[in-house]
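Protein sequences appear in the order of chains A and B.
Letter 131 of the first sequence, counting from 1, is numbered 176 in our numbering, and no numbers are missing.
Letter 201 of the second sequence, counting from 1, is numbered 246 in our numbering, and no numbers are missing.
Beta carbons are placed, not taken as given, at the ideal position from N, Cα and C, and that holds for glycine.
The structure appears below as C-alpha cells.
Protein chains: 2
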Amino acid sequence: MVKVVAEGRDGVLSRAVAILRALAAAGPEGLRLSDIADAAGLPKPTALRFLRNLQGEGLVEDGPSGRSYRLGLDLFCLAARAGNPSNLRDLGRPAMLRVAAAFEDTVFLLVRSGYDAVLIDRSEGVLPVRSLTGDIGGKVPLGLGQGSTAILASLPAGEQEEVVRHNLSLIRERGGLDEAALRAALLDTARKGYCDVANGLIPGSSGLAVPIRDRTGQVVAALSIGTTLERLTPERRAAMAEMLQREAAAIGDASNPFDPALRRPGASLQGSG
Amino acid sequence: MVKVVAEGRDGVLSRAVAILRALAAAGPEGLRLSDIADAAGLPKPTALRFLRNLQGEGLVEDGPSGRSYRLGLDLFCLAARAGNPSNLRDLGRPAMLRVAAAFEDTVFLLVRSGYDAVLIDRSEGVLPVRSLTGDIGGKVPLGLGQGSTAILASLPAGEQEEVVRHNLSLIRERGGLDEAALRAALLDTARKGYCDVANGLIPGSSGLAVPIRDRTGQVVAALSIGTTLERLTPERRAAMAEMLQREAAAIGDASNPFDPALRRPGASLQGSG
DNA sequence: ATAAAAGTTCCATTTAATGAAAACAGGTGC
DNA sequence: GCACCTGTTTTCATTAAATGGAACTTTTAT
C-alpha cells in the first residue's frame, strides 16, 4: 500500500490531490474506499465525500469490481494538454518522427523535473522497447538511463553535484550505475556531446541520447533512442549521434528561452520517484 | 475565451477543476490571472488563492510569459495512469504495434465516453497523419471519423439514435457527414463490420476502423487506421480490415466484461467536444 | 447463521473559504 | 517625470462549508 498522505499541507485541495495520487499509484483495477481513506490519511466519510465530488467532475470513475474507484477519463483528457512545457512536445514531435523513420528504433522525449526526468513523448520503432520510465508520464531519477543521464551530464557543475548526491541511492536501488561508473559516464557524455549506453539495465538493450538546450544554453530536455546491442553497430551509432544532435539543436533553437518551468527545480521538488 | 464556469455546481473542488479546465483549453502559453478568474467565473482573489494552492501541488506551473499560469507536469504524470478503462490501453498496445508494423500506417485506439470518443493511444506510421481528435486525450463526437463512427454504428439501436440526434449538429459544424450520409455510413459499417472512410475530411486522407466489443458484446472502443487515399488500395483495404477485425476480437476477449465505465454514458455526459 | 469488515448516513461543531475593499505594481501616453 | 490605467496582491470581518465521531446498513468471510 502506497501512502500518499498530504503531510503537513492542509486545505481541501491537498486532500483531493492526495486521493488522486493514491489512485494513480494503484493501476487500472482501482482501489476500495477503505484503502483510499487509509492511503490518503482521511476518515472514511471524508474520503467518500471527496470521491463523490471527484466522480461528479469526471476525474474519478467506478472501477471494474463495482466497489472500487480509479482515475477517470476526464482527468486523462484534461491532463493531455499539460506536460508540454515551452511547447516542447509539439516542437519535438516532427524531429522524433524523423529520427524514428530514419533508424526504425524507438525514440523518447524526456524533460527535466527537479531531480527526475519525465517521459513526455515516444515514437515506436520496429521492435517494442521498454523504457525505464515505464509509460508516458513516467519518471526516472536523473542519471538512470541514457536520456536522463544526458540531461544530468549537461547541468552546471554545482547543480549536477547536488542531483548526483540526491539520486545516487535511488539509482543504485533501481539497478543503475555506482558512483564511479556514473561519474565516468557523465564525463564521457559531456565530452562527446551524447550519452552512450552500450548495454543497459535490461541485458542487450542499448541507447543513445543527447541533451536539448534552449537558446540560453540551459538544458531542458533530452532526445533519446532505445535499441538493442546488435542494432547499435558503429556505423549506426555514428549516424544516430549525428542526427540526434542536429535534431536536438533544431528543437532547442525553436524553444522559448524564458520559460521558468525549465530553469531550476523550484517548488515541485518532492519527486515521487 | 472559453468559459468553463462551474455552473450550478458548488464546492471547492468544482472551482479548482474549473480553473484546470480553463487552463487546459488555453494551450502551452498559459493564461493570466484575470483571464482565469473570468473563465472560471471566480473573483480574482479567489482565483489567485486557488492557483497558488494548485501550484503547491504541482498541478499548475508558471507560464513562459512570467505573469501567466498553465497546467503543470505533475498533472501530466498523475493522469498518465488514467484513461485506461478495463486496461484497454495496455491490452491494445501490442495489437496496435502489430498493425502499425504490418501496414506502416498510423493506428489509433479510441474509447467511448458518453456522446464522444476519446483518443487514448496512437502508433505512428511512416507518414504523419493528423487525426480529428488532435492529440492523445482529444475528443470527437461519435459519428465523426472512422473510429468514432465504428463505435456509433455498433451501439444498440435506441442508444445510437439518441447519440445521432445529439451529435448531428456538432458533426455538421465540424464538416462531417449530413444526416442521410451518416445513416448510410452507419448501415454500411454495421453490415461490413468495419467503417470505411474513402476520402475523409482532410482531402486525400482515408481510414478504416473496427469496433472493439467486450465479452458481453458491448461496444467499448475502436481500433482505427489512418492513411491516404492512394495507400488504401483494394488489396490493402481487404488485408487491413481482416487484420483489424482479428486484433479487435483478441482485445475484446481479453477485456473485463464487467466494467461499469464502459457500459452507459453515466454521469460524465457533459461532453465538452 | 454469525461475525467481521466495508460502506454509508447524520448532524453538531468548528474550521477554513470567501470576496469586497483597498493598497500595490508596472506599463503607456502625455 | 507625472498621471492614468490595468492587472495583481494583501487584508480581514463575514459566512458558508468542510469535518469526522457515532450510529446504522450492507457486504463478505467463516
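* At a cut of 8 Å, does the segment 132 to 148 of chain B reach the segment 74 to 91 of chain B through at least three beta carbon pairs? -> Too few Cβ pairs lie closer than 8 Å, so no.
* **Contact list for the segment 171 to 198 of chain A against chain B, Cβ threshold 8 Å** => Within the segment 171 to 198 of chain A, the qualifying residues are Val171, Pro173, Asp180, Ile181, Gly182, Gly183, Lys184.
* To do: Consult DSSP for Ala230/A and reduce its assignment to one of helix, strand or coil.
  => DSSP places Ala230/A in helix when its eight states are reduced to three.
* To do: Could you list the residues in the segment 109 to 123 of chain B with a C-beta less than 9 Å from some C-beta on chain A, going in chain order?
  => Per Cβ criterion, the list reads Pro109, Ser110, Gly111, Arg115, Leu116, Gly117, Leu118, Asp119, Leu120, Phe121, Cys122, Leu123.
* To do: Closer than 7 Å by C-beta to Gly108/B: which residues in its own chain qualify, once you throw out the five before and the five after it? Chain order, please.
  => The residues Glu74, Gly75, Tyr114, Arg115, in chain order, have a CB closer than 7 Å to that of Gly108/B in the same chain once the five nearest residues on each side in sequence are set aside.
* Counting only beta-carbon atoms, is Ala312/B nearer than 9 Å to chain A? -> With a pLDDT of 33 at Ala312/B, under the threshold of 50, the predicted position of this residue should be treated as unreliable, though the coordinate-derived value follows. Yes, Ala312/B lies at the interface with chain A (some Cβ there is under 9 Å from its Cβ).
* Asked: What is the rounded straight-line gap between the Cα of Glu280/B and the Cα of Asp150/B?
  -> Roughly 15 Å separates the two Cα atoms.
* Can you find a C-beta in chain B that's less than 9 Å from the C-beta of Asp135/A? -> With a threshold of 9 Å between beta carbons, Asp135/A makes contact with chain B.
* **Any beta strand (DSSP E) of 3 or more consecutive residues that is wholly inside the segment 159 to 206 of chain B** => For the segment 159 to 206 of chain B, whole beta strand (DSSP E) runs of length 3 or above, ordered along the chain, are 161 to 168, 184 to 186.
* Against chain B: residues of the segment 154 to 170 of chain A by CB proximity under 8 Å -> Those residues of the segment 154 to 170 of chain A that come within reach of chain B (Cβ to Cβ, closer than 8 Å) are Val156, Ser158, Val163, Ile165, Ser168, Glu169.
* **Given Phe121/B as reference, the closest of Glu287/A, Gly56/A, Gly182/A, Gly221/A once Cα atoms are compared** => It is Gly182/A.
* Is the Cβ-Cβ distance between Leu187/A and Ser176/A less than 9 Å? -> It is not a contact, given that the beta carbons lie outside the stated cut-off.
* Asked: Who are the Cβ neighbours of Ser251/A in its own chain at under 7 Å, not counting the five residues just before and after it?
  -> Closer than 7 Å at the Cβ level, and outside the excluded window around Ser251/A, lie Val242, Ala243, Asn244, Gly245, Thr272, Thr273, Leu274, Leu277.
* Asked: Nearest chain B C-beta to Ala69/A closer than 9 Å, yes or no?
  -> Yes, Ala69/A counts as interfacial toward chain B.
* Asked: Mind checking whether Val185/A and Leu289/A have CB atoms under 9 Å apart?
  -> No, these two residues do not count as a Cβ contact at 9 Å.
* To do: For Gln205/B, I'd like the list of residues in its chain whose CB is within less than 8 Å of its CB, leaving aside the five on either flank, ordered along the chain.
  => Leu197, Ala198, Leu231, listed in sequence order.
* Asked: Arg66/A touches chain B at which residues, Cβ-Cβ below 7 Å?
  -> Per Cβ cutoff of 7 Å: Leu123.
* Identify, in the order they occur along the chain, each residue of the same chain with its Cβ nearer than 7 Å to the Cβ of Gln100/A, setting aside the five sequence neighbours on each side. => Only Glu106 meet the Cβ criterion.
* Note down, in chain order, every chain A residue with its Cβ under 7 Å from the Cβ of Ala61/B. => The answer, in chain order, is Leu58.
* Where does Ser300/A land, buried or exposed, given buried means 16+ other C-beta within 10 angstroms? -> Ser300/A is buried by the Cβ-count criterion.
* Range covered by the beta strand (DSSP E) that runs through Ile257/A -> Counting along the chain, the unbroken beta strand (DSSP E) around Ile257/A starts and ends at 250 to 258.
* **Residues of the segment 227 to 256 of chain A whose Cβ lies closer than 9 Å to any Cβ of chain B, in chain order** => So the list is empty, because no residue satisfies the distance condition.
* To do: Return helix, strand or coil for Glu218/A, following the three-state DSSP convention.
  => Glu218/A sits in a helix when the DSSP states are folded into three classes.
* Residues, ordered as in the chain, of the segment 70 to 85 of chain A that lie near chain B by beta-carbon distance below 9 Å -> Closer than 9 Å at the C-beta level to chain B, one finds these residues of the segment 70 to 85 of chain A: Ala70, Ala71, Gly72, Pro73, Glu74.
* Asked: Name the chain A residues whose beta carbon is nearer than 7 Å to that of Glu102/B?
  -> Within chain A, the residues whose beta carbon sits less than 7 Å from that of Glu102/B are Leu58, Ser59, Val62, listed in sequence order.
* To do: Could you list which residues in chain B have their beta carbon closer than 8 Å to that of Leu99/A, in chain order?
  => In chain order: Leu58.
* Would Gly128/A count as contacting chain B if we go by Cβ distances under 9 Å? -> Interface residue, yes.
* Candidates Pro173/B, Asp259/B, Gly103/B: closest to Val152/B by CA position -> Of the residues Pro173/B, Asp259/B, Gly103/B, the one whose Cα lies closest to the Cα of Val152/B is Pro173/B.
* Put Leu289/B into one of helix, strand or coil per three-state DSSP. => Of the three classes helix, strand and coil, the one that applies to Leu289/B here is helix, per DSSP.
* To do: Give the straight-line distance between the Cα atoms of Arg325/A and Arg167/A, rounded to the nearest whole angstrom.
  => The first residue shown for chain A is 46 and the last is 318, placing residue 325/A beyond what the model contains.
* With 7 Å as the limit, tell me which residues of the segment 269 to 286 of chain A have their beta carbon closer than that to any beta carbon of chain B; keep them in chain order. => Of all residues in the segment 269 to 286 of chain A, none has a C-beta nearer than 7 Å to a C-beta of chain B.
* **Coil, strand or helix - Asp119/A by DSSP** => Three-state result, Asp119/A: helix.
* To do: Compare the C-beta of Phe95/B against all C-beta atoms of chain A and say whether one is closer than 9 Å.
  => So, interface residue.
* Neighbourhood of Thr234/A by C-beta, 7 Å cutoff - its chain only, sequence neighbours within 5 removed -> Short of 7 Å from the beta carbon of Thr234/A, and not among the five residues preceding or following it, lie these beta carbons of its own chain, in chain order: Thr194, Ala195, Ala198, Cys240.
* To do: To the nearest angstrom, report how far apart Asn98/A and Leu200/A are at their CA atoms.
  => Spanning the two alpha carbons is a distance of roughly 43 Å.
* To do: Below 6 Å CB to CB, which residues in the same chain sit around His211/A once its five sequence neighbours on both sides are set aside?
  => Its chain contains Tyr160 as the residues whose beta carbon lies nearer than 6 Å to that of His211/A, once the 5 sequence neighbours on both sides are disregarded; these appear in chain order.
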